[in-house]
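The UniProt record's numbering numbers the first residue of the sequence shown as 1 and each following residue consecutively.
Glycine included, each C-beta is placed from N, C-alpha and C at the ideal position.
Only one structure is covered here, and it is reproduced in the block below.
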Amino acid sequence: MYHGTSDAILLKGAGHLEGTSLPVGGEGTLSVITGHRGLAEATMFTNLDRIHPGDTFVITTFGRVLSYRVFDTRVVEPSDTASLHPKAGRDLVTLITCTPLGINSHRILVTGERVMPTPTSAVEAANTGPALVPFPWWLVWYLVGLTLIGVYVWWGGLVRRGPHPAGLRP
């Protein structure tokens, strides 16, 4: 997650809307997280329109897993910010993306309230995440092989150019 909502930031990942609470939890807070949908190279918020009240989502921040249960979903005009205000005594997060896909004339708002304590299943799901890509050891061995071949060729050239009587070079 990145701070800001510029196009450059949203191409890298989700962005935190400036002026709203940081997504660290706490009573009386509302954090707004924005993200693109419909990108060919990333899913990000593509499926946000499939979330319904009662569903949950998690945010991992500073090593903590915060779980939120969705209680409100709505489609609004981009200028409609009436629901983007904190509520006393509530820990809220609103996820926002554009809709309809490709036209982007409206915004989907999905708002969840913090579930405490965070369910164990949410912590486990957050910790599994996508599998890490294994280190490309084959590339290391390939580069080592190329280096050895280069050293062999270079060394062979030195041996052939070794000490020769003047004017008798091969």
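Just the C-alpha distance for residue i and residue j, rounded to the nearest angstrom, thanks.
i	j	result
V65	L22	14 Å
V151	V144	10 Å
T20	S31	5 Å
T73	K12	25 Å
N47	S105	17 Å
F135	L84	43 Å
L10	V58	19 Å
L95	E77	15 Å
residue 174	W137	No answer is possible for residue 174: it lies beyond the span of the chain, which begins at 1 and ends at 170.
D49	T43	13 Å
L101	G38	7 Å
H16	I51	20 Å
V75	F45	14 Å
I108	Y142	49 Å
E41	A14	14 Å
How would you label residue i, buried or exposed, when you count the other beta carbons within 10 angstroms and need 16 or more for buried?
i	result
T34	buried
residue 205	Since the first residue of the chain shown is 1 and the last is 170, residue 205 is not available in this structure.
T120	exposed
G156	exposed
A122	buried
T99	buried
I103	exposed
Note the first and the last residue of the continuous beta strand (DSSP E) segment covering residue i.
i	result
L66	R64 to V76
L84	L84 -> no beta strand (DSSP E), and no H or E assigned at all.
I96	D91 to T99
Considering only their Cβ atoms, is the gap separating residue j from residue i smaller than 8 Å?
i	j	result
V70	G89	no
V140	S67	no
V110	T61	no
T29	P117	no
G4	E27	no
E113	D91	yes
T97	H36	yes
Considering just the uninterrupted stretch of the alpha helix (DSSP H) at residue i, what are its terminal residues?
i	result
L11	D7 to K12
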